[in-house]
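Numbering (UniProt numbering), first residue to last: 1 to 301.
Take a look at the structure below.
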């Protein structure tokens with residue numbers, strides 16, 4: 001399997017999804033890019049289909065519309081032919097794990113999973129469908145983590161196909177959430193679903209902001225507070241506050257397990273205004289104290 005460090009900016013500018021035989025063009029390969037950096041930045045003018053994930057630390061991603069942060073609990077799906085700025089700016093090393101797919105591989109895999117058996121038999125050479133992914137952040141579940149941990153054990157094609165299928169199913173599921181929006185007009189459903197995705201990405205990127213509020217989220221997506229609350233719960237099944245609390249709990253569990261930060265420090269790091277607020281929340285979630293959780297998981301490791 002191709003596993004590379006970060007390439008130089010001059011090389012990045014040569015990557016293309018489809019080669020037009022201009023001098024110096026390089027076709028995007030199937031590749032895993034891993035690196036440990038405190039400071040790094042690059043600008044990508046033509047992305048491959050990309051899965052951005054981190055083993056440790058946070059990456060800043062600036063697209064033409066949004067400023068996002070990718071941490072250990074999230075990953076970002078990026079369509080081919082997108083442009084963005086990617087930056088690491090940290091006092092400690094950030095360990096990245098980014099997967100890029102060759103465009104021909106991407107289109108064949110997409111067609112294979114989204115076409116019926118009849119369509120594939122009638123037109124086996126068909127490579128393109130109208131489907132495109134939503135460029136957005138996703139929560140890293142246990143299955144995703146297991147998949148990326150298996151990359152050294154599996155053949156390249158098997159690993160890439162399984163990971164692509166997981167991301168495709170996740171994206172289709174996200175698109176299906178718009179059906180929960182109680183409006184008849186398709187364009188209105190899509191508009192509201194898009195605004196909820198923007199709000200969710202903002203929650204994922206700014207969960208550690210103690211001042212984050214429903215008022216700021218509703219203003220971000222240009223909706224009234226009560227309209228936003230209602231539609232968010234329609235789409236995600238919980239209120240924005242419950243969604244945010246869940247993200248903070250997962251991040252707190254990670255920091256308790258992986259670092260030597262005190263419980264008070266963890267509380268402030270994940271966005272609680274008072275250090276004492278984390279203790280009862282975690283005890284209710286874990287059915288044990290944070291210190292017991294740390295001891296048990298450190299011993300397990």
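Every residue, glycine too, gets a C-beta built ideally from N, C-alpha and C.
Check                                                                                                                    : Outcome
Candidates 95, 248, 177: closest to residue 6 by CA position                                                             : 95
Sufficient close CB pairs (3 or more, under 8 Å) joining the segment 76–94 to the segment 129–143                        : yes
Same chain, Cβ closer than 8 Å to residue 293, neighbours up to 5 away in sequence not counted                           : 253, 256, 257, 282, 286
Validate contact between the segment 98–111 and the segment 42–49 using beta carbons, cut 8 Å, 3 pairs                   : yes
Entirely enclosed beta strand (DSSP E) segments - the segment 69–141, minimum 3 residues                                 : 74–78, 84–101, 136–139
When 129, 37, 85 are compared against residue 91, the one with the closest alpha-carbon                                  : 37
Cβ contact check for the segment 193–204 and the segment 217–234: 3 or more pairs under 8 Å                              : yes
Extent of the continuous beta strand (DSSP E) to which residue 242 belongs                                               : Not the beta strand (DSSP E): residue 242 falls in the alpha helix (DSSP H), residues 240–258.
Short Cβ contact (9 Å threshold) for residue 113 with residue 168                                                        : yes
Whole runs of the alpha helix (DSSP H) within the segment 2–71, excluding any shorter than 4 residues                    : 9–12
Nonlocal neighbours in the same chain, by C-beta distance under 7 Å from residue 170, ignoring five residues either side : 138
Residues near residue 268 by beta carbon distance below 7 Å, same chain, minus five either side                          : 275
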